[in-house]
Amino acid sequence: MSAVIKISKVSGTAIPVRGNDIDTDRIIPARYLKEVTFARMGEYPFYDERFDAEGKTKPHPFNDAKYKGASILFVNKNFGCGSSREHAPQALFRFGIKAIVGESFAAIFAGNCVMLGIPAVTLGEREMEELIRLAESASQTNFTLDLAAKKLSYGTDRSVSVGIPESSRKALLEGSWDSTAMLRANLDKAKTVAARLPYMTGFMG
Amino acid sequence: MAKSSGRTLYDKVWESHTVDILPTGQTQLFIGLHLIHEITTAPAFDMVRENGFDVAFPERTFATVDHIVPTDLRTRPFLDSQAEELTQALEKNVGEFGIEFFGLDSDSQGIVHVIGPQLGLTQPGMTLACGDSHTSTHGAFGTLAFGIGTSQVRDVLATQTLATDKLKVRRINVNGNLSDGVYAKDVILNIIRRLGVAGGKGFVYEYDGAVVDKMNMEERMTVCNMSIEGGALLGYVNPDATTFEFLKGRRFVPKGAGFERAVSYWSSIRSDPDARYDEVVNMDGSQIEPTVTWGINPGQAVGISEKLPLPEEFSDPEGARKAYQHMGWKPGSPILGTPINVAFVGSCTNSRLSDLRAAAKIAKGRKVHPGIRALVVPGSTGVKALAEKEGLHEIFTEAGFEWRAAGCSMCLAMNPDKLKGREICASSSNRNFIGRQGSPEGRTILMSPAMVAAAALNGKIVDVREYI
Numbered sequence: 538m539s540a541v542i543k544i545s546k547v548s549g550t551a552i553p554v555r556g557n558d559i560d561t562d563r564i565i566p567a568r569y570l571k572e573v574t575f576a577r578m579g580e581y582p583f584y585d586e587r588f589d590a591e592g593k594t595k596p597h598p599f600n601d602a603k604y605k606g607a608s609i610l611f612v613n614k615n616f617g618c619g620s621s622r623e624h625a626p627q628a629l630f631r632f633g634i635k636a637i638v639g640e641s642f643a644a645i646f647a648g649n650c651v652m653l654g655i656p657a658v659t660l661g662e663r664e665m666e667e668l669i670r671l672a673e674s675a676s677q678t679n680f681t682l683d684l685a686a687k688k689l690s691y692g693t694d695r696s697v698s699v700g701i702p703e704s705s706r707k708a709l710l711e712g713s714w715d716s717t718a719m720l721r722a723n724l725d726k727a728k729t730v731a732a733r734l735p736y737m738t739g740f741m742g
Numbered sequence: 002m003a004k005s006s007g008r009t010l011y012d013k014v015w016e017s018h019t020v021d022i023l024p025t026g027q028t029q030l031f032i033g034l035h036l037i038h039e040i041t042t043a044p045a046f047d048m049v050r051e052n053g054f055d056v057a058f059p060e061r062t063f064a065t066v067d068h069i070v071p072t073d074l075r076t077r078p079f080l081d082s083q084a085e086e087l088t089q090a091l092e093k094n095v096g097e098f099g100i101e102f103f104g105l106d107s108d109s110q111g112i113v114h115v116i117g118p119q120l121g122l123t124q125p126g127m128t129l130a131c132g133d134s135h136t137s138t139h140g141a142f143g144t145l146a147f148g149i150g151t152s153q154v155r156d157v158l159a160t161q162t163l164a165t166d167k168l169k170v171r172r173i174n175v176n177g178n179l180s181d182g183v184y185a186k187d188v189i190l191n192i193i194r195r196l197g198v199a200g201g202k203g204f205v206y207e208y209d210g211a212v213v214d215k216m217n218m219e220e221r222m223t224v225c226n227m228s229i230e231g232g233a234l235l236g237y238v239n240p241d242a243t244t245f246e247f248l249k250g251r252r253f254v255p256k257g258a259g260f261e262r263a264v265s266y267w268s269s270i271r272s273d274p275d276a277r278y279d280e281v282v283n284m285d286g287s288q289i290e291p292t293v294t295w296g297i298n299p300g301q302a303v304g305i306s307e308k309l310p311l312p313e314e315f316s317d318p319e320g321a322r323k324a325y326q327h328m329g330w331k332p333g334s335p336i337l338g339t340p341i342n343v344a345f346v347g348s349c350t351n352s353r354l355s356d357l358r359a360a361a362k363i364a365k366g367r368k369v370h371p372g373i374r375a376l377v378v379p380g381s382t383g384v385k386a387l388a389e390k391e392g393l394h395e396i397f398t399e400a401g402f403e404w405r406a407a408g409c410s411m412c413l414a415m416n417p418d419k420l421k422g423r424e425i426c427a428s429s430s431n432r433n434f435i436g437r438q439g440s441p442e443g444r445t446i447l448m449s450p451a452m453v454a455a456a457a458l459n460g461k462i463v464d465v466r467e468y469i
């Protein structure tokens with residue numbers, strides 16, 4: 538198993554993508570799911586919103602030079618709804634996104650983010666609008682997400698509290714977000730539970 | 002099973018499958034059945050191999066191919082080299098780890114959420130996981146069915162467990178009776194319209210009420226299938242006589258005394274009459290009319306006799322405006338009469354025998370409107386055979402529909418069945434997201450299979466009640 542990686546802080550500039558209910562088909566079109574590994578996913582986030590049929594760029598924050606190098610994604614409500622494709626957070630992560638701040642996230646997307654070690658944290662509508670405006674107007678603003686303190690700080694002395702499910706926060710802080718080894722350690726317990734389930738023996742009685 | 006009052010099915014199945022409480026506070030749940038397909042699994046197997054693990058319970062994992070397979074020419078190698086590569090990767094992985102595989106040459110092949118129930122693999126009181134968001138479909142059997150990502154597929158392969166948080170339960174009672182021409186699809190579209198596409202966040206949906214009681218298993222699957230479109234990770238219906246009757250005699254269901262013991266277990270995990278719910282929502286099924294979507298998410302839906310809503314009527318007017326911008330329609334105009342280019346009956350939502358029967362009933366003796374491309378794609382090779390046995394394929398082909406082989410087809414644009422340009426598709430699938438059906442400019446109108454058939458015959462959106 539790979540070494541335990543604890544994630545407590547993410548720092549960097551931010552890139553805002555406005556809009557509620559941005560689904561995973563928009564984050565990564567299905568045709569890229571035909572690739573047999575995640576290796577190239579970083580080339581594809583928001584592909585059809587960034588490029589037309591001829592491959593010419595369209596206006597989109599992910600094409601905008603002023604956001605180049607950003608590591609924190611700002612979004613609105615229900616981000617990542619739809620398909621369970623892990624390719625969506627994989628594409629964002631491999632593009633350079635190491636944390637996401639938004640008003641809310643769809644359930645499977647949020648779970649996938651934790652599995653990849655990407656904190657996805659929430660705050661209110663008004664605070665989000667303020668942050669998005671700041672990132673748009675002063676794109677070189679540096680933000681620091683501190684999971685231990687549950688705060689996003691920026692500027693010289695500004696900070697806002699952020700929300701994250703406690704289990705996700707612990708998994709990231711303790712490094713158990715890469716969960717297989719932790720789960721595998723309980724294999725004997727799993728076998729005991731399985732043996733008690735009547736369907737596991739075909740209801741042999 | 003220990004009996005104690007006041008618990009939901011969700012509570013009971015959760016408890017009996019709990020392996021441990023993890024240091025994070027999450028519960029480690031045993032997964033009774035793992036279904037896999039060609040798309041979301043290859044990196045999961047790679048990670049299992051790289052970490053030197055094996056597959057913990059290979060006999061509890063079953064594989065098929067559905068997303069990427071062509072539904073016309075299925076000869077190998079596929080014309081699409083990526084489809085061929087992914088399929089070969091799955092074939093190699095199932096061979097290496099000893100997993101039962103329903104491949105293209107199997108009469109059990111099909112959409113993973115169609116074959117699980119059809120084979121009797123999906124059973125009440127079980128936990129189930131699959132790397133696909135529409136895994137909620139299996140909840141129709143009183144199964145806790147989790148749609149998961151690839152890293153979680155890795156975890157289920159290596160440990161047969163998932164780390165997950167317990168959710169709240171919202172009971173949704175659909176009371177009254179459905180009118181003729183109103184189907185399970187209309188019910189779930191109305192539930193999502195009312196509660197919102199994010200309304201189910203943090204909840205499991207338990208569907209009940211007279212309308213759900215009367216539904217057959219295929220209709221319940223349609224409802225549970227779209228739980229995730231309402232933001233709920235899981236949806237379920239308590240198992241009853243309809244469930245047991247459906248399961249009896251299926252390949253993976255025990256026979257004789259074993260079946261009796263199974264029914265007794267399945268009955269024991271029903272929600273108690275005095276179960277505690279975090280929320281209860283009541284809806285009147287009698288008020289539901291044939292329903293279609295007008296926008297770019299499944300909650301943007303209207304009854305067929307309604308006019309398109311004004312953006313200002315929504316809590317997110319900007320979202321509605323974006324939908325109108327994509328669809329090219331005007332608020333206040335009727336949805337009835339909207340021209341279509343393509344008609345698609347299929348997908349894990351609506352591709353089962355009763356769906357095909359409902360569409361065939363409308364199509365019988367009529368003709369697809371000139372210029373309309375109309376596809377009927379059975380959900381599984383087994384459904385296809387049953388439909389052909391009763392002559393449905395002849396009804397469809399005589400009417401001018403293409404009769405295809407089983408697969409996900411035009412629901413998600415990972416195979417040759419796609420929209421082109423600005424085409425508008427009347428679709429029995431589950432998502433009307435921008436670009437979902439393969440063209441970034443394409444447009445999807447979700448509806449029941451009968452409504453799709455009626456739209457195909459007329460070249461425009463019509464009220465199916467005029468055809469039954």
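Just so you know, the sequences run in chain order A and B.
For any residue, its number in this note's numbering is found by taking its place in the first sequence, counting from 1, and adding 537.
For any residue, its number in this note's numbering is found by taking its place in the second sequence, counting from 1, and adding 1.
Glycine residues also receive a C-beta, built at the ideal position from the N, C-alpha and C atoms.
No experiment lies behind these values; they were computed from the predicted model shown.
Contact annotation: the stretch 115-126 of chain B touches the stretch 143-158 of chain B, with at least three C-beta pairs closer than 8 angstroms.
Within chain A, the residues placing a beta-carbon under 7 angstroms from that of B/Thr151 are Glu623, ordered along the chain. Scanning chain B for C-beta atoms nearer than 7 angstroms to the C-beta of A/Lys571 yields Ile69, Gln83, Ala84, Leu87 and Met415, reported in chain order. At a cut-off of 8 angstroms between C-beta atoms, B/Arg195 does not count as an interface residue with respect to chain A. Between B/Leu23 and B/Ala164, the beta carbon gap of about 6 angstroms places them in contact (Cβ cut-off 8 angstroms). In this structure B/Ala64 touches B/Ile37 by the C-beta definition: roughly 5 angstroms separates them, less than 8 angstroms. Distances from the alpha-carbon of B/Asn342 to those of B/Lys461, B/Asp156, B/Val205 and B/Tyr468 put B/Lys461 closest.
Under a 10 Å Cβ-count criterion, B/Ile149 is classified as buried, with 16 or more other Cβ atoms of the shown protein chains found around its own Cβ. If you check the CB distance, B/Ile116 and B/Ser109 come in under 8 angstroms. With three or more CB-CB distances shorter than 8 angstroms, the stretch 553-573 of chain A counts as touching the stretch 584-593 of chain A. Assignment of B/His370 by DSSP, reduced to helix, strand and coil, places it in the coil class. For B/Asp187, not one C-beta of chain A is nearer than 8 angstroms to its own C-beta. The way I'd put it, the stretch 563-581 of chain A does touch the stretch 41-48 of chain B; three or more beta-carbon pairs between them come closer than 8 angstroms. What B/Arg271 touches in chain A, judged by beta-carbon distance under 8 angstroms, is nothing: the nearest beta carbon there is about 15 angstroms away. For A/Asn613, there is no enclosing alpha helix (DSSP H), since its DSSP letter is neither H nor E. In terms of Cβ geometry, B/Leu354 and B/Val377 do not form a close pair [threshold 8 angstroms]. If you keep only unbroken beta strand (DSSP E) runs of at least 3 residues inside the stretch 291-357 of chain B, you get 292-294, 302-304 and 343-346. Residue pairing for B/Ala233: DSSP places it in no beta bridge. A contact is defined here as three or more CB-CB pairs under 8 angstroms, and the stretch 679-695 of chain A fails this definition with respect to the stretch 558-568 of chain A.
Close CB contacts of A/Lys707 within its chain, under the 8 angstroms cut and outside five residues either way in sequence, are with Ser713 (chain order). For B/Val198, at least one C-beta of chain A is nearer than 8 angstroms to its own C-beta.
In this structure, DSSP gives A/Cys650 a helical state, which the three-state scheme calls helix. The beta carbon of B/Phe247 lies closer than 6 angstroms to those of Met218 in the same chain, with the five residues before and after it left out. Chain A places a beta carbon closer than 8 angstroms to that of B/Asp166, counting this residue as a contact. DSSP, reduced to helix, strand and coil, places A/Pro553 within a strand of the structure shown.
By the Cβ test, the stretch 381-392 of chain B is not in contact with the stretch 311-320 of chain B, since fewer than three Cβ pairs between them sit closer than 8 angstroms.
In the three-state reduction of the DSSP assignment, B/His35 falls in the strand class. For A/Leu724, at least one C-beta of chain B is nearer than 8 angstroms to its own C-beta. At a C-beta separation below 9 angstroms, A/Met741 has these neighbours in chain B: Pro255, Gly259 and Arg262.
Nearest to B/Ser381 by alpha-carbon distance, out of B/Gln326, B/Ile173 and B/Ser352, is B/Ser352.
B/Asp21 and B/Gly259 have their alpha carbons spaced roughly 29 angstroms apart. Below the 9 angstroms Cβ cutoff, chain A contributes Leu734 and Tyr736 as neighbours of B/Met127, in chain order. Within the model, the alpha-carbon separation for A/Glu667 versus A/Val658 is close to 16 angstroms.
Less than 8 angstroms divides the Cβ of B/Met415 from the Cβ of B/Ile40. Annotated three-state conformation of B/Val70 is coil, per DSSP. Taking 8 angstroms as the cut-off, the beta carbon of B/Tyr468 is found closer than this to the beta carbon of B/Ile363.
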